[in-house]
Structures are given as structure tokens and as C-alpha cells.
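One structure is given below, encoded as C-alpha cells.
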Amino acid sequence: MLRALIVTTAGINCDQELAEAFQLVGAEPHFLHLKTLLAKPKRIEQFELIGLPGGFSYGDAVAAGRIAAQLMRRELYPAFVKAVERGVPIIAPCNGFQIAVQMGLLPGPATGEPWPSVAPQPIVALGDNQSARIIDKWVEVQVPSQTRCVWTAGLSADSHLQLLPIAHGEGRFMATSPSVVQGLESAGQIAIRYADHDNPNGSTDNIAGICDASGLVLGLMPHPERYTVWEHHPTWTRLPQSIRRSQPFGIQMFEKAAEHARSAAVL
Amino acid sequence: MTEVVYRVEVRPRSSSGDARGEAVYRQVSSSSPECVPQQINTASVFLVQGALTTAQMQRIADEILADPVTEVATLFAPGDSAASESVNEDEHATVSEIEVHPLPGVMDPDAQAVELAIASLLDQGVAVRTGRRFELVGLSETEAHSIAVRCLANPVIHAVHTHRYHPEIFASGAPYELAVNHVAISTLDEQSLLALSREAHLFLSLDEMKAIQQAYKQRGIEPREIELETLAQTWSEHCVHKTLKSIVRYEGAMPGTKVRPGHTIEDDGAIVIDNLLKSTVAAATHELIDEGIDWCLSVFVDNAGIIAFDEDHGVCFKVETHNHPSALEPYGGAATGIGGCIRDIIGTGLAAKPIAATDVFCVAPPDTQDVPAGCLPPRRILEQVVGGVRDYGNRMGIPTLNGTVWFDQNYVGNPLVFCGCVGVMPRDRCEGDAQLGDHIIALGGRTGRDGIHGATFSSAELTDSHADEFSHAVQIGNAVTEKQVLDAILEARDNPSEQGGCLFSAITDCGAGGFSSAVGEMGELIGATVDLERAPLKYDGLTPTEIWISEAQERMVLAVPKKNLARLQEICDANDVEMCDLGVFGNQNRELILRYHNTEVGRLSMQLLHEGIPNTVRHASWSKKEEEVSGTAFRQPDHLVDDLRTLLSDLNVASKQWIIRQYDHEVQGRSVVKPLVGPDGNGPSDAAVIRPVAGSDRGLAIANGLAVGWSKDPYMMALAGIDECVRNLVCVGADPARIAILDNFCWPSCDESETMGSLVHAAWGCYDASKAYRTPFISGKDSLHNQFTTEDGRTIRIPATLLISGFSLVQDVTSCVTMDAKRAGHCLIIVGQTTTQMGGSRALARWPDAWADTSIPEVDLKQGPATAHAVSTLITSGVVHAAHDCSDGGLLVAAAEMAFAGDIGLRLDVSDLPIEGTPSLHERLFAENPSRYLLEVAQEDLDRVQTHLGDLPWAVIGNFDETTALSLSDISFNVELKELRSAWLAPLEW
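In order, the protein sequence lines correspond to chains D and G. Here my numbering is used: the first residue of the first sequence is 41, the next is one more, and so on. Here my numbering is used: the first residue of the second sequence is 106, the next is one more, and so on.
Listed below in C-alpha cells is the structure:
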């Protein structure tokens, strides 16, 4: 059975639903506290899937994910890079995305380039929502056809079903320069976008999530782990019964990654 | 190297835009439109004290404090700040600086996290303080300062500086030297006893002071300060609910049922009630249990009531108020309100896991002009209480998914903040008791001077000087600490049985009264010995009394057998939770013994503490109220479209989505029916539904009932509140036979017999309705003395306010129903009767002269429950496509909400509406009779509807159609749904 690592720490609070999503696709979730991992980074080698859950790590002091990223940059960045090199799919929703960006995991080196040995300075950021307010709602999303993300590539559904919930105050995707965004675009590293009419936070180019050049590491502001059963859908009481024969969009992402992990046998 | 203080300012790069600055600008322009700056720039300020070089500090600034993509950091070495000027592009405009920094001793959670990150970066300990900087362009310093105190800072917790704040060194406390003070009370006369009670902030009555005097006289000693304080905390209204538990002598008529337990009629006709709470609210529950309700697992004895959820799990619910702290510091008050309620759930049985939160606010309308001195503006109160609940609930990862807001002028000096929390627990973890020899273990936050006298302060009446006198009663929470404590406690609870099982034998939270209440309650039957110096402190200088009664947040007390201490310590270490061993439960004479470095500083018998409070007789009366004069200027139908728009824009009806969307109501991934429903997410759900247990289709619905509009008839208000709560639950598909409810009484001072009489009436209503609906009360709380005395001696009393919160099983979540209309071609039916009575309605509040009959409609205690059960059967049989409670605003508002939530046109025809008397068209549309439901059903199912509803009054009152409008047959009434929707969304879209 696939083993999924879920990293918890002070203020992380979306670990349970992430574990349940992994369970639904046949992986066995294991929770490890950041403290334990920092003492034994090698523990990461035991897992075939990794999740950095959402929440408010360390209260999001200074900025969302800043403190957790700082604690992880030095000791854990190399261990995560090794996992990617081993072919392990990693998902980092919401606070996990904010952490992944600041600890140097995303967007990662350009295609074909090796990972730097120490964590690089971030070139993308998740800033305050344009409204400067936390917002909880469901938004329509789109998967770019050329994405190489193992979690999202090839997924599509009717627009009223291809939704994801968001709940964040600092999710506005920004980059140091337009060329960074163009680079991500041409390398297939834009993993998921908000629909044009449904960009909730002012993100550049409607970007909701990006992946590294290998497509394994996905960071995104929406929460696919909160859309795993049909009763999660915001208007499920309006959907026909026949819909239950298919799978909700959120859990499809986990299916894809689990499939990848199984076929790649990242052991 | 000596310690110095560096200052760092972090501001957004110009390319990123200053979203926070713009938000503050919007806030300032809405709250003081007469004095608006041209622009507001913001920056975060960090003060870092340590033995650091400038290079090290630069690294901290670049790597921890500023984001390289979106921000720039400016570093000020010691002494640098004074010389630097504010930057502004427009050189001609004045720039006034405002800096807001927490006062010394006020919790600064961000600072603690930064200290941790710096320690990791440099392997070196530093001290950090944070603050916020605002540059107000185009305002004078005086104008800027007045804006600062109005909307940027609260002097209760903040210092406001008009220049860059850069101290040479942080203030620190001095070590405490022990002094044990005796308070000479044996010789005091009545007046001096009362003066002592008030001046020492004990807020005890004369009878209570005399009881203490007597008890000490018998022992021939004077009380020590810590003993008096312990008695005051434990005997406070907040902790012991002495008014609701008192003997009441009532004179006047008795509404409803004629026979109630614990009531005797004296020769002069007065009714004497022995323990009001026990004889009404609790009596109903115990009678229902005797009559066969077998799913109540724990009622009234624990921090929350527990009911059975399934074979393996119980669910518990608690609702608290945090009114007085929220009046002084709304953000911190509301945050610690929800934080405290969450701790109640963690402290229920042997710990429950919080899975949902609720919030209800009662405030004055935001446009209130006449705000008395000593009160904060109502809009600011609402914005900040929402912020407090948002930040605490979201950070804890608990979805806040049900609530409401009620606006009334008389909440201006005394807003109400109700916070609720629901938890789930294994059924074998529902009970716990401290055992002899168990260690007294405190987990979580450190103890500081914050929150001292919170319990006694909340039991007093607010006055215009309270902000100064009780600033120390205000606390700032740290949700992340509480989350860590929760994680550790659940791990200790679920410790595998081969490793000894649950590691503690009892648990409770440190709420009002701090350690004194928590340890005093847990050790009530066996005694406790406490070594106060062992409590970890935030800073030096606390006296043993302060440690004992501090209400510092995020602390839990556990009774832990000695053999489990090591394992618990491991769990705490792994979760970064501080654990301390305060002493031992159990001693020979059942005493509370308090020591400080081996010196005894206090000793009290548990008997005096818990049973010594004198039970006084309270006088209650109810005189016949004068009939209000009815109006004659009846509303005419040609105004109907405007009237509907007016009611949809009434603050008590309008959408609360501005609040709801700030709460993460999806966290934990268990939502089934969300607070907002319909294709555009605009529909106001009657209740929320979640799945407490992963993988199970059994659900839990959560709702509330609040009928403040009926306040002048408190008996009927209680009935209406319970009826509304039941309706809300039934409408989403909950099982009406499995509803449990909670009471929260918020009343003005009950020293006056008429006010006490109104409390008695409400309690009677609770008894009668709880029995009739077979909805047991499982927990409750009261907050009395909710009134405000202005500078000139005027007393503003809140309307008597009874909140009913309820939760219920949903047998199968896949059959839940939402309120948004689903399909054109379906018809709309109403179940329940409408009369001419306009009492309590929004239409009456809006057009007081327009109605002939202003009496309050009765709740029929036979028909109400029968209707709830019949509607529920209809829903479970699958014929109902949408269900909505018909309440605030009346039939037309409820029908409009269904139509615009589902974006489906509706043509109404109310000529066959089930009525009593001869209501006019306006009365039919705007009356707020209870026990009414609106249901969407298919034409072909009407026969089945008739079968299920039998003799109950019901009728088809409309058809959903292909239009985009709401129309009424017979008269020219036709209005686009989108117009109605925006009328409803606009008022609170802040």
C-alpha cells in the first residue's frame, strides 16, 4: 500500500481532510510533526506520496507560511528535493503552497536543470488578496491543456462541476517579473487556473496553482481535499442522481497522483 | 556584546500595491467620512532586541521579515529612527504618522513566532515586539490621532505613537517578593463590606459579604486576600448562576402550563419557585428523560451537554457569551469568547474534538448617531467581533457555519457576543472525575496579568468608566497555542490501551476565574493542594493571587495519575506544548490549600467555597402591560414592491454574507449543507449540516432561534425561539425527534422585580416548549446585568434576549434539502396558519402605525410540534425539493429568498392562504406567525403532501415559472429577482 506523509506543525489544521483524501485513493496516511522531521529528515524516504496541508502555520506570523518555511529551508529542503528526485508526488494546498514557495520548492529549477543544493530565494509569492480580506467560496477552475503536472494534467469536467473551494487571505499569485510567468507557462508549469470570471484574489494570469518542472510538486491555493464526495459540491442538491456515477473533481487529482506513484513504484 | 533594539519596517513594493492600506482607507472613510486622508500607506513594524550585529539583523530582515518578491524591509539601527522622515511622492502633502503597538504585557502572538524563526536562523535567542504603522497623507497630526483612536487602535490594549517608535530597551517586570495580606473584615459594618466588595472588584452582594464575614468570625481569623478573591470568583454570577438558581417569589399571572415542578402557591397567591433553573429548563430535560428519551448522555453537569450520535460517538454543544469584554475590546473579546467556548468542548467529558463553531451578535445599527461616551461605535464593534471570531476560528481550523446578527438600538452600550462550539467524542470518553492523588497538570499558554477579574467584571453592569477600570480584564488570544494544546490532548486521550489508555482522569478548561475556578471545581469533592510558583509566567512580578485568578488564555487543567506523567510529557514535548505540575488533588479535610514556595498563602474549605453561598429569595413580578395603540394608516398594495425591497434591506433580514464569507466554513472537509446555498451562493441556509464521523452518511444539523422582536412578551419569545430553531433544523432534513437545544439568557439587571419577572416568564416558556417539542435542553448559560450607565446617569437596558441553539441528527445526509428553488413548474406550498397579528414583525418595526393588530402571535404548542414532524416526514419521503423557514420579514420575504437563491421565477397567489381572522393582503405577506414552512414540491406529488399533512393547515400559494421575476396574481406586482437580490445583499456588503 502507498504510504502518504502528512507534515503537521503548530497551526496546521487541514491535515485530517488531506489524510482522508489520500485514504480514499488507497494510500495510508502517516502524520509527522515538523519537529520530528527536523530531527530525522531521513524519515521522508519512507513515503511514496507527500502532503503539506493547509492551515495557519505559526499563526501565519509576518506572512502566511513564512515562519514554517524558515524553519524548513535549511534542514528539510534537501530532503524534499531528494523525494522529488525519487519521483514522489507532493501536494501543497493553501498554506502548504505558501510554505513550498518560500522554502524554495516551487517553482524549482528550469527543465533539465538540477535542483540547487541550498534553498533558492523565492521568485514567486502569494500576497494579500486584492480585497485584503479572507474569502471562503467555491470558484471555477481550469486545467491548462499543456500542463505537465501529474496531479492535474488531462483532467476535465463540465464547468459547473470543475470547481474547488478556496479559503484564504493571502493567495494572490505574483512573480518577480512577467518573464517568470511566461517561463512557467511555456514549461507547462501552470497546473491550474481560476476561470477568467472567477479570479478571487487578483492573481496574475488567473494562476491558482503551479508545479515544478517535473510536474510532481503541486502547490495551489484551492483545496481539492475538500471536494472528494458529492455532498461537498456547493449545489449538490441541484445535481442529478446520475452524477454519482462519476468522481468529484477534487478526488480525481489524488487518483492521478496515486496512479503515478504506483506506476513509477517510487520505492 | 550588549543587547540593543533594532527596528525594521516592512512595506509593499510599489509594484505589488498596498491592499492592506487600501482596506484601512475604506474602513476609515466609512467610519469618519468627515475627515478622510488622501491616501493611507501601511507598514509592519518589528522591534528586535538582542546581542546582534547589524549584518545579522539585516539577514533577519531579508530572510524572515520581508518577502523578496512583494516587499522591502528598511532597517533602523539603535538611534536611527528619530532622524528619518516619512516618504511620500507628493512632496506638498502633509504626512501624519501613526504607530500602533501592543501595550506591555498584552499578548503578541506574531512576536513569539518570529522569535522562534530567528532562533532557527541564527541559533540565538532574541526578544521581538510587533506593531503597525500608518502614514495618513493630507491630515494633520491631530486629525490623524483622532482617526487612530477611532478605528486603528484601542487604548485598552494599544499604545498609539505619532512618530517612529523605537525604544532603547524593552520594559520587563521585576521579580515578586512574597507578602501575605490579611483583609480585616470581622469588624466591618454593612456599608464598609459593600464598599470593600466594590473597590476590590469582588462584586459580591451584602448577603454574600456577610456570609464570608460570619464564616471567618467563627474560625476567629481574618481572610487572606487570595481567599477572598477565590470566593469572589467562585461565587460570581458568571460562574455560579446564582440568579437563575435562586428561590423566586413571583407575583402576577402565570402564562402557559398551570402545573410545573418545584412551584408552590402561597396563601397570598404568590408563586414560590425553588431554584428557577432546576424547576424549569432542567426539569423539562429530566422529565423528558423519564418519559423515555434515551439519547442524552450528559446534561447540565459538564462544560457542555452530550447526546448520542451513533453507537460509538457522542456529540456535544456549548454556547457562551462574552459580552462585557467585547464591549471594551471587541476583537480580543470575541476571539477569546470563541476560544473559551472551544476550550469548553475540549474540556467536556474526557475531551471532545471541536468540529463546528457558531456565532450570534447583537449590536446597535451601524448608523447609530447617538453613541454615549465610553461606548465604541457599533459598526466598529461589529467589524471587530467578526474579525475576532474569524481569526480565532479559522486559525483553530474549526468551521464557523451558523449564526446570525440582530440589530437593536438598545445594544449600543452593551453588545452581545454569543459563541458556540460543537464537538465529537468516543462514547466511552464522556465522563471523568479527578481521583485522589492525581496531579494537577496545566497545559498550554503561560500565565500573565491579562484577564484578571474577568469573572467578577462580567457579573457587573457596564458604566462609562469601565474601559479604564477593567482594561486588565481584556485578553488577547493565541489560537495557534490552543490548537497545539488540542492536538496534544486528543493524542493523550486516544493513547492506545496497551500503553495505558487515556492518560488523564478528568479535564476542564481555565475560563472565568482561571486556575481558581478550574482547580476549585475539579477538587470540589476531594480537595486540592496547589504550588503556585510552579505556574509558568509570561513575565516576572505576578503575585500568587494574580497567578491564581488570572484568566490568561489557552490553558487547560488535567487530573493525571502519577504513572502517566512521563508519557504525557512526551506528547506535550512532541507538540511543543508547555506542561506544568501544579500540585495534587485530594487532601485530608477536603480543603483548597494554596502555597507559594512552600509558604501557605491561602486555605479554604471546599464546603465554604461550593456550598457557602447564601441562597437569597428574589422577588419577581409581572404587571399587565398597557396595550399599545394600534395605527390606522394601513399600507396600500401599490407600495408592495417598495415595501418588499425595504424589508429585504432591513438589517435584520439582509444577507450576512459579508460575515459568512470571512469564515472558513469548509475546513475539516465535512460540510454537507453550507451556510450559503444556491447556484450563486446567495441563498441563506436555515441550518448547516456536517458529517461528524468520516465515511458515515449520518449527519448533524446545527441552527439557532432568536426572537428578540418578541422580547416584550418573554414567555412567547421563548416559545418562538424554540419553534424557530426546530423549523430551521427541520428545513434541511434533520430528525425532529432527535433535537437537543441550549439556552442563553442575556438580560438586563434582575434586581428589579419586573425584570426578574420577565426572566421567570422566559424560563417558563423554555419549560413548556421544551416539553411540547420534546427537545431537551442539555446545557445553557446566562449573562445578566447587561445594561450601560452613561456619564449623565441614564441606564440603557438591552432587550431581554434569549438565544436558543440546537443540533439534531440527520439520518442520511444524502437526503438533505436546501432552501434554493430548484425547478420551474414546481409549486410552492405553505404549511401553517397566518393571522392579523403583526407583533414582533419587521413590518411592525418598520411601519409602526400601519397595523390594526399589533399583538404578538401565539405559538401553538400542539400544532407547532405536529407541523415540524409532518414536514420532516415529507422531506424524508423525498417529495420536497426546497424548504425554507418562514420567519423574519414574513411570507413574501421568505418566498423571494427561495426564488432569487435558486434564480427561478415565482408567481404567488395568497388567496387560499390558511388564515385565522381576516388578514389583509399586507398582513398575509408580512405577518410573522410561527410554525410556518415554505416547501417546493412537484404538482404530481400534491396528493402525497395531503396524505402526510392530514388536517394541518396548508395550501399551494404559488408556482415557480420560467420568468426571472417574482409576481403576485391579481394585482400588478412584478419585480425582477436580481433587483430583490441586490436589495438584500447591499446593506451589509462592507
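All C-beta atoms, glycine included, are put in the ideal place defined by N, C-alpha and C.
Is the Cβ-Cβ distance between LEU591/G and PRO1092/G less than 7 Å? No, the pair does not count as a contact, with Cβ atoms beyond the cut-off.
- Within 10 angstroms of the Cβ of LEU997/G, are there 16 or more other Cβ atoms? Answer buried if so, exposed if not. Around the C-beta of LEU997/G, 16 or more other C-beta atoms lie within 10 Å, and the residue is accordingly described as buried.
>> By the 9 Å beta-carbon criterion, what residues does the segment 216-227 of chain G contribute toward chain D?
In response: Result list: ALA216, GLN217, ALA218, VAL219, LEU221, ALA222, ILE223, SER225 and LEU226.
- Query: Roughly how many whole angstroms lie between the Cα atoms of VAL261/G and MET501/G?
  - Reply: The straight-line gap from Cα to Cα measures roughly 25 Å.
Taking its Cβ as the centre, do 16 or more other Cβ atoms sit within 10 Å of ALA156/G, making it buried, or is it exposed? The residue is exposed, with fewer than 16 neighbouring Cβ atoms inside 10 Å.
| According to DSSP, which residues form a beta bridge with THR894/G? | The beta-bridge partner set that DSSP reports for THR894/G consists of THR568/G and THR900/G.
Along the chain, where does the beta strand (DSSP E) containing LEU351/D start, and where does it finish? The question about residue 351/D has no answer here: the residues shown for chain D are numbered 41 through 307.
Q: Please name the residues in the segment 158-189 of chain D whose beta-carbon is closer than 8 Å to at least one beta-carbon of chain G, in chain order.
A: For the segment 158-189 of chain D, which is checked against every Cβ of chain G, the residues closer than 8 Å are GLN161, PRO162, ILE163, VAL164, ALA165, GLY167, ASP168, ASN169, GLN170, SER171, ALA172, ARG173, ILE174, ILE175, ASP176, LYS177 and TRP178.
*asked:* Which same chain residues end up closer than 7 Å to THR751/G when comparing Cβ atoms and leaving out the 5 residues on each side of it in sequence?
replied: ARG951.
- Task: List the residues of chain D whose Cβ lies closer than 8 Å to the Cβ of TYR436/G, in chain order.
- Result: None at all; the shortest Cβ gap to chain D is about 14 Å.
If we count the other Cβ atoms within 10 Å of its Cβ and call it buried at 16 or more, is LEU208/G buried or exposed?
-> So LEU208/G counts as exposed.
Contact check, ASN891/G vs CYS851/G, beta carbons under 7 Å:
The beta carbons of ASN891/G and CYS851/G sit closer together than 7 Å.
* Do THR941/G and GLY1022/G come within 7 Å of each other at the CB atom, strictly closer than that value? -> Their beta carbons are under 7 Å apart, which means GLY1022/G touches THR941/G by this criterion.
- Please say whether ASN694/G and THR634/G have beta carbons closer to each other than 7 Å? No Cβ-Cβ contact shorter than 7 Å links THR634/G with ASN694/G.
- Neighbour flag for SER602/G against chain D, beta carbons, 7 Å: Not one chain D Cβ lies under 7 Å of SER602/G.
Exercise for review: Please report the Cβ distance between GLY410/G and HIS427/G, rounded to the nearest whole angstrom; I am assuming they are in contact, meaning their Cβ atoms lie under 8 Å.
Suggested key: By a beta-carbon distance limit of 8 Å, GLY410/G does not contact HIS427/G. Their separation comes to about 20 Å.
- Cβ pair THR978/G, VAL936/G closer than 7 Å: For THR978/G and VAL936/G, no; Cβs fall outside 7 Å.
TODO: Take every Cβ of the segment 533-545 of chain G, pair it with every Cβ of the segment 485-499 of chain G, and state whether three or more of those distances are shorter than 8 Å.
DONE: With the cut-off at 8 Å, the segment 533-545 of chain G and the segment 485-499 of chain G do not touch.
In this structure, how does DSSP classify PRO531/G when only helix, strand and coil are distinguished? In this structure, PRO531/G counts as strand in the three-state DSSP scheme.
Alpha carbons only, please: which of GLY800/G, ILE827/G, LEU805/G and GLY804/G is nearest the one belonging to VAL813/G? Among GLY800/G, ILE827/G, LEU805/G and GLY804/G, the Cα nearest to that of VAL813/G is on ILE827/G.
message = Is there a C-beta anywhere in chain G that falls below 7 Å from the one on LEU111/D?
response = Yes, contact with chain G.
**Asked** Who does GLY1022/G pair with in a DSSP beta bridge?
**Response** Its beta-bridge partners do not exist; DSSP assigns none.
Practice item. Residues of the segment 897-927 of chain G with a CB closer than 9 Å to any CB of chain D: list them in chain order, please. Key: Shown in chain order are the members of the segment 897-927 of chain G whose Cβ falls below 9 Å from a Cβ of chain D: VAL918, THR919, CYS921, VAL922, THR923, ASP925 and LYS927.
- prompt: Within this structure, are the beta carbons of ASN669/G and ALA1006/G separated by less than 7 Å?
  reply: Going by C-beta atoms, ASN669/G is not nearer than 7 Å to ALA1006/G.
Practice item. Answer with yes or no whether the minimum CB distance from GLU60/D to chain G is below 7 Å. Key: At a cut-off of 7 Å, the C-beta of GLU60/D has a neighbouring C-beta in chain G.
Check each residue of the segment 777-793 of chain G: if its Cβ is closer than 9 Å to any Cβ of chain D, include it; give the result in chain order. Residues of the segment 777-793 of chain G with a C-beta atom less than 9 Å from some C-beta of chain D are VAL777, VAL778, LYS779, LEU781, VAL782, GLY783, PRO784 and GLY786, listed in chain order.
What residues in the segment 171-185 of chain G have a beta carbon less than 9 Å from any beta carbon of chain D? Result list: ALA171, ASP172, PRO173, VAL174, THR175 and GLU176.
Using the Cα positions of GLY144/D and GLY136/D, report the straight-line distance between them to the nearest angstrom. Taking the straight line from one Cα to the other gives about 12 Å.
* Asked: From the DSSP output, which residues share a beta bridge with PHE239/G?
  -> Its beta-bridge partners are THR147/G and ILE203/G.
Check: How is LEU307/D classed by DSSP in three states: helix, strand or coil?
Finding: Per-residue confidence for LEU307/D stands at a pLDDT of 48, beneath the threshold of 50, marking its modelled position as unreliable; the derived number appears in the next sentence. When DSSP states are grouped into helix, strand and coil, LEU307/D belongs to the coil group.
**Item:** In DSSP terms, what GLU180/D is bridged to
**Value:** LEU203/D.
Exercise. Thinking ARG112/G and SER186/G are a contact (beta carbons under 8 Å), I'd like their distance in whole angstroms, please.
Key: Indeed, because the Cβ distance is near 6 Å, the residues count as touching under 8 Å.
Any beta-carbon of chain D closer than 7 Å to the one on ILE252/G?
It does not: the Cβ of ILE252/G has no partner Cβ on chain D nearer than 7 Å.
Suppose you measure from the CA of HIS306/G to the CA of GLU638/G; what does that come to, to the nearest Å? When only Cα atoms are considered, HIS306/G and GLU638/G end up about 24 Å apart.
**OP:** Rounded to whole angstroms, what's the CA-CA distance from ILE331/G to LEU548/G? Just pull it up for me.
**Re:** Near 23 Å, if we compare the C-alpha coordinates of LEU548/G and ILE331/G.
On the premise that ILE903/G lies in contact with TRP1059/G, defined as a C-beta separation below 8 Å, what is that separation, rounded to the nearest angstrom?
-> A Cβ-Cβ distance of about 38 Å is found for the pair TRP1059/G and ILE903/G, leaving them out of contact under the 8 Å criterion.
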